[in-house]
Ligand SMILES: Nc1ncnc2c1ncn2[C@@H]1O[C@H](COP(=O)(O)OP(=O)(O)O)[C@@H](O)[C@H]1O
Ligand SMILES: [Mg+2]
């Protein structure tokens with residue numbers, strides 16, 4: 028079994044009276060890529076801050092271990108910080124645009140107390156893995172493309188050869204066409220150097236390279252599992268039928284619901300995706316039922332759910348559960364008042 032690099036047990040974070048993280052537990056094995064997914068305010072950054080010694084112990088309770096060391100103790104901070112790297116959301120925070128890539132690296136390397144020769148060796152290895160062309164190493168960074176700057180920022184986060192690298196929204200603000208490129212470089216770094224990675228993101232495409240995805244909502248972890256395994260827990264292992272419908276409205280949605288389908292989600296003005304058990308067997312029956320009920324199908328195809336769709340459905344399910352609980356509470360209270 029691979030060793031555990033990070034252990035978090037029953038983490039609770041409170042700012043004053045406001046509790047923002049509720050009983051979060053998970054562990055990370057050496058070499059894994061972990062994705063933290065959730066909408067803004069879900070608690071992603073707060074959890075990472077607690078792990079990376081950026082959150083005073085007065086705000087949190089529970090157990091955190093990074094390579095066996097607890098960030099609860101200030102005396103452990105130097106050792107923990109030496110074993111982790113950080114790539115901020117905005118490159119401006121760790122890059123000097125008027126300096127050359129090499130000079131940028133030197134600035135950070137000396138902050139870590141690395142010898143010049145060693146840091147040059149590591150930098151060259153990283154630049155090669157990241158395909159940062161040799162003729163750009165000695166030119167000011169401002170002449171580089173956005174994707175290249177991001178890669179230099181990744182190299183800086185790795186210059187002290189940390190065991191764990193934290194990346195805050197690595198693909199946000201990057202051109203759609205370049206997003207996949209960033210992800211494949213992260214995977215390459217992980218495979219070549221064995222670096223454990225934490226990716227915080229609201230871009231679900233990041234799940235493509237993740238061994239485990241954590242889904243966060245309102246300070247709680249709803250799931251912590253391999254994204255493909257999560258998708259396969261959907262009805263018919265995540266197979267879906269996508270319909271384009273003429274005049275899609277609530278009445279049409281209700282026809283689907285009375286078939287009945289397991290899950291239904293509107294994904295566009297006239298497009299819905301539906302999940303049914305016994306997909307292959309039931310699909311012809313569903314289509315027949317729709318035609319009989321005067322639903323006008325303009326087009327239709329079969330597909331497998333993406334992680335984005337799983338995430339939306341999982342959040343939807345949680346919201347529904349909460350609504351039902353609330354209605355039940357109101358009923359109980361209402362009943363008591365009679
Ligand atoms: N220092 C703080 N004081 C009070 N509330 C905070 C503080 N930091 C974060 N929060 C609150 O904690 C919640 C989670 O925030 P955060 O971890 O930044 O979410 P995310 O990174 O998922 O967008 C939010 O409601 C935010 O307002
Ligand atoms: Mg955040």
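Residue numbers (my numbering): 28 to 365. All C-beta atoms, glycine included, are put in the ideal place defined by N, C-alpha and C. What you are looking at is a predicted structure, and each value in this text was computed from that prediction instead of being measured.
(request) Quick one: give me the first and last residue of the alpha helix (DSSP H) that residue 104 is part of. (result) Within the chain shown, numbered from 1, the residue matching residue 104 stands at position 77. Counting along the chain, the unbroken alpha helix (DSSP H) around residue 104 starts and ends at 104-109.
(request) Indicate whether residue 273 and residue 321 have their beta-carbon atoms separated by less than 8 Å. (result) Start at 1 with the first residue of the chain shown, and residue 273 comes out as number 246. Start at 1 with the first residue of the chain shown, and residue 321 comes out as number 294. The answer is no: Cβ separation not under 8 Å.
(request) Report buried or exposed for residue 187, applying the criterion of at least 16 other Cβ atoms within 10 angstroms of its Cβ. (result) By 1-based counting over the chain shown, the position of residue 187 is 160. By the neighbour-count criterion, in which a residue is buried when 16 or more other Cβ atoms sit within 10 angstroms of its Cβ, residue 187 is buried.
(request) Measure from the alpha carbon of residue 245 to the alpha carbon of each residue in 173, 70, 53, then state which is nearest. (result) On the chain shown, residue 245 is found 218 positions in, with the first residue counted as 1. Comparing Cα positions, the closest option is 70.
(request) Give the single residue among 44, 48, 43 whose Cα lies nearest to the Cα of residue 35. (result) The residue given as residue 35 occupies position 8 in the chain shown. From the listed residues 44, 48, 43, the smallest Cα separation to residue 35 is found for 48.
(message) For residue 87 and residue 260, what's the separation of their Cα atoms in angstroms?
(response) Translated into positions along the chain shown, residue 87 becomes position 60. Translated into positions along the chain shown, residue 260 becomes position 233. Going by the C-alpha atoms only, they are around 33 Å apart.
(message) Residues in the same chain with beta-carbon distance under 7 Å from residue 253, minus the five sequence neighbours each way, listed in chain order, please.
(response) Within the chain shown, residue 253 is the residue found at index 226, counting from 1. Taken in chain order, the residues that qualify are 238, 239.
(message) Buried or exposed for residue 295, going by 16 or more other Cβ atoms inside 10 Å?
(response) Taking the first residue of the chain shown as position 1, residue 295 is located at position 268. Classification of residue 295: exposed, given that the 10 Å Cβ count is below 16.
(request) Indicate the three-state DSSP secondary structure (helix, strand or coil) for residue 84 in the structure shown. (result) Translated into the one-based positions of the chain shown, residue 84 becomes position 57. DSSP places residue 84 in helix when its eight states are reduced to three.
(request) Taking the CB atoms as reference points, tell me whether residue 52 and residue 39 lie closer together than 8 Å. (result) On the chain shown, residue 52 is found 25 positions in, with the first residue counted as 1. On the chain shown, residue 39 is found 12 positions in, with the first residue counted as 1. By the CB criterion at 8 Å, residue 52 and residue 39 fall outside the cutoff.
(message) Does the distance between the C-beta of residue 72 and the nearest non-hydrogen atom of ligand 2 fall short of 7 Å?
(response) Taking the first residue of the chain shown as 1, we reach residue 72 at position 45. Between ligand 2 and the CB of residue 72, the shortest heavy atom gap is smaller than 7 Å.
(request) Along the beta strand (DSSP E) that carries residue 297, what are the first and last residues, could you check? (result) The count along the chain shown starts at 1 and reaches residue 297 at position 270. First-last for residue 297: undefined, no H or E at that position.
(message) Less than 8 Å between the C-beta atoms of residue 198 and residue 210, yes or no?
(response) As a position in the chain shown, residue 198 is number 171, starting the count at 1. As a position in the chain shown, residue 210 is number 183, starting the count at 1. Contact flag set, yes.
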